[in-house]
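Notes for the one structure printed next.
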Ligand code: GLP
């Protein structure tokens, strides 16, 4: 896993947006996997700025969101569909017919989850999946104990997640108990993953994800099995990592390589 440590949340948003923008420019019809929560907001804001000021074009892009609460209407201000509409979609030129968020009001939820998987497959699979992380190390709504091979399905939220997400609702009793979520297996099939984390509350989860053992108790740790994951995190979220020096050395070597400064890498000195 590549680990990029930025000084603050703004730096994380800036860096992550550059990853996304570079893919959109290289492959205008790419498929993006999107996440909700406070963490990716900086990334979305920077992408919106790039769309408005640098003509970043989303017209051919397809998107799939990770998850949605069960029972909330898409127009409900706390639904993830509403979140995406307000914070991203309505500010860019994505085709509304290509911007998918799971439907938490589907009549047959089991069949709908399978359909969502098929829609991702028909679109050609996800090129780049953006991920936040819960305090307990969950990705999407794959709570601790979720199968690391799981697919899109219904999931009961833990008390901790309900409490964390209560800040968006009037009170905790209004937070839905169930969600539709892409599975860990679904996420692992994306071609590239971008894991974002900011703030001290994520430090423990980030340590377990990057330097801990692979376990269903920390579903983000399954990303260690993925061949192309970049974690972009801030200093606070990186606070518990023990190999920070090495991650910085890797980044330095990478930029020397990109700038053709081979002699400083000991290449061609013999
Ligand atoms: C929810 C979402 C996750 C998100 C997590 C953290 O559980 N389902 O996708 O990563 O919250 O949210 P935040 O970025 O607000 O800390």
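Numbering (my numbering), first residue to last: 570 to 839.
The beta-carbon is built from N, C-alpha and C at its ideal position, and this holds for glycine as well.
_Please tell me whether, using a cut-off of 7 Å, the distance from the CB of residue 645 to the nearest non-hydrogen atom of ligand 1 is below it._
No, the Cβ of residue 645 stays beyond 7 Å of every heavy atom of ligand 1.
Taking only three categories from DSSP, how would you classify residue 763? Residue state, collapsed to three classes: strand.
Inset, instruction - Determine the extent of the alpha helix (DSSP H) in which residue 626 is found, giving its start and end residues. - result: In the DSSP annotation of this structure, residue 626 is not part of any alpha helix (DSSP H), being labelled neither H nor E.
Query raised in the report: Can you list, in chain order, the residues of its chain whose CB lies under 8 Å from that of residue 804, leaving out five sequence neighbours each side?
Result: Taken in chain order, the residues that qualify are 574, 575, 576 and 577.
Practice task
Taking only heavy atoms of ligand 1 into account, decide whether any of them is closer than 7 Å to the Cβ of residue 641.
Solution key: Checking every heavy atom of ligand 1 against the Cβ of residue 641, none is found closer than 7 Å.
I need the straight-line Cα distance from residue 647 to residue 693, nearest angstrom please.
Each residue's alpha carbon lies about 30 Å from the other.
* Asked: Is there at least one non-hydrogen atom of ligand 1 closer than 7 Å to the beta-carbon of residue 634?
  -> For residue 634, the CB stays at least 7 Å from every heavy atom of ligand 1.
Is the separation between the beta-carbon of residue 710 and that of residue 750 shorter than 8 Å?
For residue 710 and residue 750, yes; Cβs fall inside 8 Å.
| request: Report yes if the C-beta distance between residue 627 and residue 695 is below 8 Å; otherwise report no. | output: Contact: no.
| message | For residue 664, count the other beta carbons within 10 Å of its own beta carbon; 16 or more makes it buried, fewer makes it exposed. Which is it? | response | With a threshold of 16 other beta carbon atoms within 10 Å, residue 664 falls short and is exposed.
Just checking residue 614 against ligand 1 - is the residue's beta carbon closer than 7 Å to any of the ligand's heavy atoms? Residue side-chain check: residue 614 keeps its Cβ at 7 Å or more from all non-hydrogen atoms of ligand 1.
*Sequence-distant residues of the same chain with beta carbon closer than 7 Å to residue 769, five excluded per side*: Closer than 7 Å at Cβ, skipping near neighbours: 805 and 808.
query = Counting pairs of Cβ atoms below 8 Å between the segment 606-616 and the segment 711-719, do you hit three or more?
reply = Two segments are said to touch when three or more pairs of C-beta atoms, one from each, lie closer than 8 Å; by this definition the segment 606-616 does not touch the segment 711-719.
Quick one: does the C-beta of residue 701 sit closer than 7 Å to a heavy atom of ligand 1? In this structure, residue 701 has its CB closer than 7 Å to one or more heavy atoms of ligand 1.
- Message: With H, G and I counted as helix, E and B as strand and the rest as coil, what does DSSP make of residue 571?
- Response: Looking at residue 571 - three-state DSSP - the assignment turns out to be strand.
ask   = What is the rounded straight-line gap between the Cα of residue 834 and the Cα of residue 638?
value = Roughly 49 Å between the two C-alpha positions.
### Message
Quick check on residue 788: buried or exposed, where buried means 16 or more other Cβ atoms within 10 Å of its Cβ?
### Response
The residue is buried, with at least 16 neighbouring Cβ atoms inside 10 Å.
With a CB to CB cut of under 6 Å and the five nearest residues on each side skipped, what residues in its chain are close to residue 620? Correct list, in chain order: 661.
Quick check: the segment 604-613 against the segment 649-660, are at least 3 beta-carbon pairs closer than 8 Å?
With contact defined as three or more Cβ pairs closer than 8 Å, the segment 649-660 and the segment 604-613 are in contact.
query: Is residue 580 helix, strand or coil when you go by DSSP?
result: For residue 580, the secondary structure class from DSSP, reduced to helix, strand or coil, is helix.
Practice task
Output the boundary residues of the beta strand (DSSP E) element that contains residue 778.
Solution key: Element bounds for residue 778: not the beta strand (DSSP E) but the alpha helix (DSSP H), 772-780.
Next on the checklist: For the pair the segment 664-684 and the segment 729-738, tell me if three or more CB-CB distances fall below 8 Å.
Outcome noted: Contact between the segment 664-684 and the segment 729-738 is absent, with fewer than three C-beta pairs closer than 8 Å.
- prompt: If you count every other CB in all the chains shown that lies within 10 Å of the CB of residue 582, and 16 or more means buried, which is it?
  reply: With 16 or more other Cβ atoms within 10 Å, it is buried.
Within a Cβ cutoff of 8 Å, which residues of the same chain sit near residue 825, ignoring the five residues on either side of it in sequence? Cβ neighbours of residue 825 within its own chain (closer than 8 Å, five residues either side excluded): 831, 833 and 834.
If I measure Cβ to Cβ from residue 669 and keep anything under 7 Å in the same chain, skipping five residues before and after, which residues do I get?
Short of 7 Å from the beta carbon of residue 669, and not among the five residues preceding or following it, lie these beta carbons of its own chain, in chain order: 632, 633, 634 and 688.
Exercise. Looking only at DSSP bridge pairs, what is residue 669 linked to?
Worked result: In the DSSP output, where bridge partners are listed per residue, residue 669 has 633.
| task | Flag this pair as yes or no: are the beta carbons of residue 756 and residue 708 separated by less than 8 Å? | result | Yes, these two residues count as a Cβ contact at 8 Å.
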